[in-house]
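*Asks:* When we follow our numbering, the leftmost residue of the sequence shown carries the number 15, and every step to the right adds one.
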Amino acid sequence: MKPAAFRYHAPKTVDEAVALLAEVAAEDGRILAGGQSLVPTMAFRLARPGHLVDINGVAALNRIAVADGKLIIGACVRHAAFHRPVCDGPLGKLLTDVVHHIAHYPIRNRGTFCGSLAHADPASEWCLVLAALDGEVLAKSARGERVIAARDFFKGIMTTALADDELLVEARLPILAAGTRCGFYEFSRRAGDFALAAAVGIYRLDGEKDEKIVAPRLAVGGAEVNPRRIAEAERALEGAAPGDKAFRAAATAATAAIEPMEDIINSAEFRRDLVLAVTRRALERAAES
Ligand SMILES: Cc1cc2nc3c(=O)[nH]c(=O)nc-3n(C[C@H](O)[C@H](O)[C@H](O)COP(=O)(O)OP(=O)(O)OC[C@H]3O[C@@H](n4cnc5c(N)ncnc54)[C@H](O)[C@@H]3O)c2cc1C
15 MKPAAFRYHA PKTVDEAVAL LAEVAAEDGR ILAGGQSLVP TMAFRLARPG HLVDINGVAA
75 LNRIAVADGK LIIGACVRHA AFHRPVCDGP LGKLLTDVVH HIAHYPIRNR GTFCGSLAHA
135 DPASEWCLVL AALDGEVLAK SARGERVIAA RDFFKGIMTT ALADDELLVE ARLPILAAGT
195 RCGFYEFSRR AGDFALAAAV GIYRLDGEKD EKIVAPRLAV GGAEVNPRRI AEAERALEGA
255 APGDKAFRAA ATAATAAIEP MEDIINSAEF RRDLVLAVTR RALERAAES
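1. I'd like to know if the segment 85–97 and the segment 193–203 are in contact, where contact means that at least 3 CB-CB pairs between them fall below 8 Å.
2. Can you check DSSP and say which residues form a bridge with Tyr119?
3. For Gly170, which of Ile121, Ala24, Ala237, Gly206 has the nearest alpha-carbon?
4. Enumerate, from N- to C-terminal direction, the unbroken beta strand (DSSP E) stretches of 3 or more residues contained entirely within the segment 123–171.
5. Buried or exposed: which applies to Ala163, given that a residue is buried once 16 or more other Cβ atoms fall within 10 Å of its Cβ?
6. Suppose contacts are defined by Cβ-Cβ distances below 9 Å. Is Cys90 in contact with Ile189 by that definition?
7. Out of Ala73, Ala211, Glu139, point me to the one whose CA is closest to Thr110's CA.
8. Assuming Phe20 and Leu66 form a contact by the criterion Cβ under 8 Å, report the distance between their Cβ atoms to the nearest whole angstrom.
9. Just tell me which of Leu181, Tyr22, Leu219, Arg165 has its CA closest to the CA of Ala146.
10. Per the DSSP calculation, Pro188 is bridged to which residue(s)?
11. So the candidates are Arg242, Arg218, Met15, Leu85; which of them puts its Cα closest to the Cα of Ala255?
12. Looking only at its chain, what residues have a beta carbon closer than 7 Å to the beta carbon of Ala185, apart from the 5 residues adjacent to it on each side?
13. Restricting to Cα atoms, I'd like to know which of Ala282, Arg299, Pro274, Thr266 is closest to Leu290.
14. By how many angstroms is the C-alpha of Ser202 removed from the C-alpha of Ala209?
15. Take the Cβ of Arg204 as the centre, count every other Cβ of all protein chains shown within 10 Å, and call the residue buried at 16 or more, exposed below.
16. May I ask you to report which of helix, strand or coil DSSP gives His97?
17. Rounded to whole angstroms, how far is the Cβ of Leu251 from the Cβ of Val183, which I believe are closer than 8 Å?
18. So, under 8 Å CB-CB, Leu108 and Pro241 are touching, yes? Tell me the CB distance rounded to an integer number of Å.
19. Can you give me the Cβ contacts of Leu105 inside the same chain, cut-off strictly under 7 Å, excluding the 5 residues immediately before and after it?
20. Check for me: the beta strand (DSSP E) holding Gly106 runs from which residue to which?
21. Just to confirm, are Ala177 and Ala39 a CB contact at a threshold of 9 Å?
22. Go through its chain and collect everything with a Cβ distance to Gly83's Cβ below 6 Å, but skip five positions before and after it.
23. Taking only heavy atoms of ligand 1 into account, decide whether any of them is closer than 8 Å to the Cβ of Arg204.
24. What do you reckon, are the CB atoms on Ala211 and Val112 nearer than 9 Å?
25. Considering just the uninterrupted stretch of the beta strand (DSSP E) at Ala212, what are its terminal residues?
26. Are Leu181 and Lys154 touching if we call contact CB-CB under 9 Å?
Shown next as structure tokens:
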């Protein structure tokens, strides 16, 4: 099937893009980034935007930089940019571990990090990473700009705090200190499929013999409507000795804390079971990192 008719716009600057978006937002005008989610939904006529504002020609959006202790990821940075570390230390390594779970090579060559955030699929790996790290996004419209924290950004399945006339200009992730342990694990039925459940575990070690977990983060994606950190699981890790006992306790706490989605194939109880496995394995991978 072919998409319904739409008008195409190709701005060259961020200001042009947001001015165009202000004009066309009321007629379901949308940003076109990598097109890997939007174009299929248009082809199935599940979406019928009246206008597409294609940001691929806006050179300023194609930047990755480190500034003020944060990794800045511009709106046109493709998933494939993360095949190699984009920054030193544990964050660069974590992103390379995660990216290989996103779809397939051709999709990673076109799809963008920020497009995934704006699309907000519950199973998106980048949404999980943003939530795990308490990252933030910069949103801009003709009305001005604002920074939105991850915890305020996701508002439900494929729903975000972005207004119709706002461009997500960049995502920002905190750089992780050397020695930070990071692990990612996801379960999907086939390689490249969306995850049925995924987890990111992050912590540092303290004490004379590195015997204590400090500043733990454990976030779950794919199981609930949005990815989020699980405070109950983090409490089980704080101050504990890194190892099987603490990881199992955190996984059990995460499993009890979540309200899993269900669909015609996967029951809530199955997803709960998956969370038990993916959280423990993410923490085991963190221990090996
Ligand atoms: C077969 C297949 C398998 C896939 N598997 C996975 C997977 O395992 N994990 C995963 O996370 N994703 C997966 N995807 C989705 C893929 O990662 C997309 O690239 C991503 O969801 C959207 O990014 P995009 O740049 O292609 O956005 P687009 O498709 O261009 O846009 C998606 C939506 O976000 C909006 N948008 C995009 N960028 C911005 C912006 N800067 N500001 C405001 N709004 C914006 C658009 O208007 C649109 O509504 C898969 C896709 C396919 C086709």
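Quick reminder that beta carbons are idealized off the backbone N, C-alpha and C, glycines included.
Remember, predicted model here, so these are calculated numbers, not experimental data.
*Replies:* In short, the structure shows the following:
1. no
2. Along the sequence shown, one-based indexing puts residue 119 at 105. Answer is none; Tyr119 lacks a bridge partner.
3. One-based indexing of the sequence shown puts residue 170 at position 156. For the residues Ile121, Ala24, Ala237, Gly206, the minimum Cα distance to Gly170 belongs to Ala237.
4. 150–155, 158–163, 168–170
5. Numbered from 1 along the sequence shown, position 149 holds the residue referred to as residue 163. Classification for Ala163: exposed.
6. In the sequence shown, residue 90 corresponds to position 76, counting from 1. In the sequence shown, residue 189 corresponds to position 175, counting from 1. In this structure, Ile189 does not lie closer than 9 Å to Cys90 by Cβ.
7. Residue mapping note: residue 110 aligns to position 96 of the sequence shown, counting from 1. Cα-wise, what sits closest to Thr110 is Glu139.
8. Taking the sequence shown and counting its residues from 1, the one referred to as residue 20 is at position 6. Taking the sequence shown and counting its residues from 1, the one referred to as residue 66 is at position 52. Indeed, because the Cβ distance is near 6 Å, the residues count as touching under 8 Å.
9. Counting from 1 along the sequence shown, the entry for residue 146 is found at position 132. Minimum Cα distance to Ala146 is reached at Arg165.
10. If you number the sequence shown from 1, residue 188 lands on position 174. In the DSSP output, where bridge partners are listed per residue, Pro188 has Lys84.
11. In the sequence shown, counting from the first residue as 1, residue 255 sits at position 241. Measuring C-alpha to C-alpha distances from Ala255 to each of Arg242, Arg218, Met15, Leu85 identifies Arg218 as the nearest.
12. Locating residue 185 in the sequence shown gives position 171, counting from the first residue. Closer than 7 Å at the Cβ level, and outside the excluded window around Ala185, lie Ile87, Phe127, Cys128, Leu131, Leu144, Gly149, Val151.
13. Indexing the sequence shown from 1 puts residue 290 at position 276. Of the candidates Ala282, Arg299, Pro274, Thr266, the one whose C-alpha sits nearest the C-alpha of Leu290 is Thr266.
14. Position 195 of the sequence shown, counted from the first residue, corresponds to residue 209. Position 188 of the sequence shown, counted from the first residue, corresponds to residue 202. One C-alpha to the other measures close to 4 Å.
15. Against the sequence shown, residue 204 aligns to sequence position 190. Arg204 comes out exposed.
16. Sequence index remark: in the sequence shown, residue 97 carries index 83 (1-based). DSSP places His97 in helix when its eight states are reduced to three.
17. In the sequence shown, the residue the question calls residue 251 occupies position 237. In the sequence shown, the residue the question calls residue 183 occupies position 169. Their Cβ separation, rounded to whole angstroms, is 34 Å, which puts Leu251 and Val183 out of contact at 8 Å.
18. Counting from one through the sequence shown, the residue named residue 108 turns up at place 94. Counting from one through the sequence shown, the residue named residue 241 turns up at place 227. About 15 Å separates the two Cβ atoms, so there is no contact after all.
19. Looking up residue 105 in the sequence shown gives position 91. Correct list, in chain order: Leu85, Leu187, Ile189, Leu190.
20. Position 92 of the sequence shown, counted from the start, is the residue given in the question as residue 106. Here Gly106 belongs to no beta strand (DSSP E); instead the alpha helix (DSSP H) covers 103–113.
21. Residue mapping note: residue 177 aligns to position 163 of the sequence shown, counting from 1. Residue mapping note: residue 39 aligns to position 25 of the sequence shown, counting from 1. Closer than 9 Å, so yes.
22. Numbered from 1 along the sequence shown, position 69 holds the residue referred to as residue 83. The answer, listed in chain order, is Ile189.
23. Numbered from 1 along the sequence shown, position 190 holds the residue referred to as residue 204. Arg204 Cβ: outside cutoff for every heavy atom of ligand 1.
24. Within the sequence shown, numbered from 1, the residue matching residue 211 stands at position 197. Within the sequence shown, numbered from 1, the residue matching residue 112 stands at position 98. Taking 9 Å as the Cβ cut-off, Ala211 and Val112 do not qualify as a contacting pair.
25. Your numbering for residue 212 matches position 198 in the sequence shown. Residues 211–220.
26. Translated into positions along the sequence shown, residue 181 becomes position 167. Translated into positions along the sequence shown, residue 154 becomes position 140. Contact flag set, yes.
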